[in-house]
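Some notes on the structure that comes next.
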Amino acid sequence: MARLEPALWWEARRAQNSKAATYTCPLCGYRLHATTEHILIAPEGDASRRRHAHSECVLAARKQGRLPLREDWLATQPRPPSLLSRLLRRSGRVSG
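Laid out in structure tokens, this is it:
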């Protein structure tokens, strides 16, 4: 089985090309023809490191938790204080 490079999150979008090219899926290691519908994945949204992957492989990796999308990663990040909280703290009404 192929391996993905480490990344906190991935960007994914559908792709299909009429170009006669063949890629290697980074998730399974098998060949992928550009003319078939597939998915482009980019680590942390970096298009220069994008890879072409089988749709089925991407779905399986998502179910296994190996391919978190940006919104998945953001949901795990601490939220900054709200505007109201910051204003109250600045006015001295809330300690913190």
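All letters in the sequence shown, in the order written, are residues 14 to 109 by the working numbering. Glycine is no exception: its CB is placed at the ideal position from the N, C-alpha and C atoms. The structure displayed is predicted, hence computed values, not measured ones.
Supposed contact pair Trp-22 and Arg-83 - C-beta distance, whole angstroms, cut 8 Å: For the purposes of this step, residue 83 is identified with residue 70 of the sequence shown, where counting begins at 1. For the purposes of this step, residue 22 is identified with residue 9 of the sequence shown, where counting begins at 1. The pair is a contact, with the Cβ atoms about 5 Å apart (cut-off 8 Å).
Terminal residues of the beta strand (DSSP E) in which Ala-25 lies: To locate residue 25, count along the sequence shown from 1; it is residue 12. Counting along the chain, the beta strand (DSSP E) containing Ala-25 begins and ends at 23-28.
Ala-66 burial status per 10 Å Cβ neighbour count (16 or more: buried): Working through the sequence shown from its first residue, we reach residue 66 at position 53. Ala-66 should be labelled buried.
From Pro-94, Leu-45, Arg-26, Gly-58, residue whose alpha carbon lies closest to that of Tyr-36: Translated into the one-based positions of the sequence shown, residue 36 becomes position 23. Measuring from the Cα of Tyr-36, the nearest candidate turns out to be Leu-45.
As assigned by DSSP and simplified to three states, the class of Arg-75: Working through the sequence shown from its first residue, we reach residue 75 at position 62. In this structure, DSSP gives Arg-75 a helical state, which the three-state scheme calls helix.
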